[in-house]
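Read through the structure below, which is laid out as structure tokens, and then see the notes.
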Amino acid sequence: MVRPKTDQEIELMAKSGAITAYALRRVLDAIAANISLLELDALAESCILEKGGAPSFKTVDDYSYTTCINVNDGIVHGLPNKYRLKEGDLVSIDLGTVYKGYHSDVSYTVEVGTSKEAAFLNTGLTALEAGISKLRVGKRLGDVGNAIQTIVENAGYTVSEDLVGHGIGTEVHEPPYVPGYGTPNTGLKLKAGMVFAIEVIYQKGEPDIVILDDNWTIATKDGSLSGLFEQTVVVTKHGPKILTPFI
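The sequence shown: position 159 = 159 (full-length UniProt numbering), numbered continuously.
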């Protein structure tokens with residue numbers, strides 16, 4: 001059962017989301033050729049702590065970083081390491097904050113120093129906006145997934161078949177799963193107060209995935225470029241409200 005959040009809970013999640021958005025903006029501003037993934041992770045943590053939050057991802061068993069950072073064919077769960085970004089890399093930043101017991105989660109993908117993949121990245125942003133637009137009372141999660149899938153596939157790319165968005169609240173990952181694909185008018189019926197981390201997880205090639213030797217990073221099996229965009233959103237009686245407004 002998915003329990004809608006109370007007004008007080010949503011207020012705390014909005015405060016958490018504001019911290020998350022601040023940290024993401026700071027990290028995105030710092031992305032440049034020759035900066036290391038560990039340096040970006042350290043910046044994200046300092047920003048979250050500065051605002052009175054704590055890193056959500058450090059509440060996940062056996063995970064010791066503030067961010068997941070994925071480069072090029074990396075999709076999700078990438079471990080920050082000593083790798084230094086190069087011009088032309090695609091890099092996705094995924095981070096979250098827990099504030100007074102409530103979590104928020106966000107992801108964004110950028111290209112380092114060039115704009116060769118602008119069409120690919122713009123597709124992900126457009127798909128995220130389309131999915132969020134369906135978060136309305138009486139709609140269903142299948143409507144959200146279908147909106148994402150339609151945008152991505154019409155652009156000639158593929159959505160992940162194994163990796164999905166999720167509910168969020170007192171845990172960073174809560175039921176239900178929120179796929180980036182689906183059939184309209186199917187799945188969970190949406191109610192005011194439900195909060196979801198809506199994720200667009202997609203790639204240029206096939207959706208098959210592999211887990212790398214670090215036992216965390218998930219990458220495309222065919223080595224194709226991947227993108228990741230995510231927002232934490234609450235369903236209200238007036239429509240969707242983004243709790244992590246980083247742009």
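For every residue, glycine included, the Cβ atom is placed at its ideal position computed from N, Cα and C.
Check                                                                                                                                                         : Outcome
What is the rounded straight-line gap between the Cα of residue 55 and the Cα of residue 116?                                                                 : 33 Å
Nearest-angstrom Cα distance between residue 161 and residue 206?                                                                                             : 10 Å
Alpha carbon to alpha carbon, how far is residue 109 from residue 51? Give it in angstroms, no decimals.                                                      : 23 Å
Taking one C-beta from the region 88 to 106 and one from the region 2 to 15 each time, how about it: are there three or more such pairs within less than 8 Å? : yes
Is residue 70 helix, strand or coil by DSSP?                                                                                                                  : strand
Return the bridge partner residues of residue 232 from the DSSP annotation.                                                                                   : 197
Thinking residue 36 and residue 5 are a contact (beta carbons under 8 Å), I'd like their distance in whole angstroms, please.                                 : Contact flag wrong, Cβ pair sits at about 37 Å.
Where do the N-terminal and C-terminal ends of the alpha helix (DSSP H) with residue 141 fall, by residue?                                                    : 141 to 154
Hey, how far is the Cα of residue 174 from the Cα of residue 159?                                                                                             : 21 Å
Report yes or no: do three or more beta-carbon pairs, one from the region 181 to 201 and one from the region 214 to 224, lie closer than 8 Å?                 : no
Measure the Cβ-Cβ separation of residue 135 and residue 233 and say whether it is below 7 Å.                                                                  : yes
Which residues bound the alpha helix (DSSP H) around residue 15?                                                                                              : 7 to 30
Throw me the rounded Cβ distance for the residue 57 and residue 225 pair, which I believe falls under 8 Å.                                                    : Contact doesn't hold; Cβ gap of about 24 Å is too wide.
Tell me whether the beta-carbon of residue 27 lies closer than 7 Å to the beta-carbon of residue 93.                                                          : yes
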